[in-house]
Amino acid sequence: MKVPFAWPYFTEKMLTKASLKALSEPVLQGKTVKEFEEKFAGRHEAKRGISLASGTDALTFSFLALGKKGDLVLCPGMSYVATSNAIISAGMVPVFVDINEKYLLDISKLPPNPQELGIKGMVCVHLYSTPCDLDKLKKYCDEHSLFLVEDCAQAHGAKIEGKSVGNMGDASIFSFYPTKNMTVCGDGGMVTTNREDIYQKILCLRHDGRLPGGNPYEHIDFGRPSRMSCFEASVGLQQLEMLDKFNERRHQISQLYLFGLSNLEYFTLPKWWGELVHGPHLFVVKVKQSSKISNTLLHQKLKDYDIGTSFHYPIPMHRQPIYQRFEWYLYDGSELFNSEITNFDEKEQKAMKNTLSLSLNCISLPIFFEMTNDQVDYVVNSIKEIMGD
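Here the sequence shown stands for residues 0 to 388, where the numbers follow numbering that gives the first Met the number 0.
Spelled out as structure tokens, the structure:
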């Protein structure tokens, strides 16, 4: 049996409808794009939506709209590198804080007086679709006059205590990369916001710094083209209608994994998925270091069973080679520091304990809408056979 790691869902009817839309209105920024923006924002209880070419652009434009060059921005230690890359692209400086047991920004480790350190904002990441504690994070940001960006790139339709993600930040971003819970048949991104000033600023940035409806030859800011096509928006609208169905199936798969793998001695499972009602973007487990089979060896052995797996993410953002060229900091509960200090390795191990542990031991199991129960059983039984359970 073959089980790919991920597989986007499209139908001939879906793509035909999108093609007809593309032939009947402007390629970029037509009425279908506007409809998608409005409905997607509404689905996440936000007033405004701005479609963009990618989730990375959505992040970068959000930081450009909210801060200024040199600002320090709090960032969880674990995420896809685009989260911190966008901070740097906007001329700002990431300050990495360790994650908690649910792989989210650890609120208990945030600095008590961030403004005194030059910190002006925060990005929280709903990693793998697990929602952060937005009430506490929003309260912290309000108390210290920090802007808040929600990175919802992996959290389409996610909710916490009945409230949707994507509306509590000054700006919230989504990605429509093909493996996400919903897509637009290509790249694509969205910013949702309740702030009209941020909405207008990002509209300007995505049009090369031109004011919407203004002089088309006058550029008042530095921006770049970052627009969604009518075809992509049409696919997005159709996928948005199916989002609850997509998430429900992912939730079912996650429960099958939790049940099937529950007795494995050497796995740390994301048991909190049993408490959530929406479906994860990724199902990530940790292989305990006491195991005779490492995460990388398990990945290789599962290939022999024709099962695709991946890692999210094996290199923490601050350890990426490119970061040797840029300014960044870790926060250890008392001070900011980076690799320029002599005892960096020792301080890093303490400050980023959970981040480093996850990066070294994680493995992501297959999960996608059309995955069958038989495929889930095959993955579970194959892992048990490899692990000797």
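Heads up, the beta-carbon is just placed ideally off N, CA and C, and yes, glycines get one too. Since the structure is predicted, the reported quantities are computational estimates derived from the model, not experimental observations.
Classification of serine 233 by the beta-carbon crowding that lies within 10 angstroms, buried from 16 upward = Buried, by the Cβ-count rule.
query = For the stretch 74–116, which segments carrying the alpha helix (DSSP H) assignment without a break, of at least 4 residues, lie completely within its bounds, in sequence order?
reply = 81–88
ask   = Less than 8 angstroms separating the beta-carbons of proline 269 and arginine 249?
value = no
message = If you measure between the beta carbons of glutamate 369 and tyrosine 8, is that distance less than 8 angstroms?
response = If you check the CB distance, glutamate 369 and tyrosine 8 come in under 8 angstroms.
query = From which residue to which residue does the beta strand (DSSP E) around tyrosine 330 run?
reply = 328–330
message = Would threonine 82 and aspartate 150 qualify as a contact pair, given that the criterion is a beta-carbon distance under 8 angstroms?
response = Yes; because the gap between Cβ atoms is below 8 angstroms, this pair is in contact.
ask   = Taking buried to mean at least 16 other C-beta atoms within 10 Å of its own C-beta, is valine 26 buried or exposed?
value = exposed
query = Quick one: Cα of glutamate 44 to Cα of phenylalanine 95, how far?
reply = If you take the alpha carbons of glutamate 44 and phenylalanine 95, they lie about 29 angstroms apart.
key: Contacting residues, own chain, Cβ-Cβ under 6 angstroms from isoleucine 385 (five flanking each side not counted)   = Cβ neighbours of isoleucine 385 within its own chain (closer than 6 angstroms, five residues either side excluded): Lys300.
ask   = Residues in its own chain within less than 7 angstroms of lysine 101 by CB, not counting five upstream and five downstream?
value = Within the same chain, lysine 101 has close Cβ partners Thr129 and Trp271.
request  = Measure the C-alpha to C-alpha separation of aspartate 105 and glutamine 238 and round it to an integer number of angstroms.
outcome  = 33 angstroms
ask   = Does the pairing of the stretch 326–342 with the stretch 194–213 give three or more beta-carbon distances under 8 angstroms?
value = no
request  = Please classify aspartate 70: does DSSP put it in a helix, a strand, or coil?
outcome  = coil
ask   = Is DSSP giving isoleucine 49 helix, strand or coil here?
value = strand
Within the stretch 264–315, ranges of the alpha helix (DSSP H) (whole runs, at least 4 residues) = 294–303
ask   = Taking DSSP as the reference, what is the three-state secondary structure of leucine 147?
value = strand
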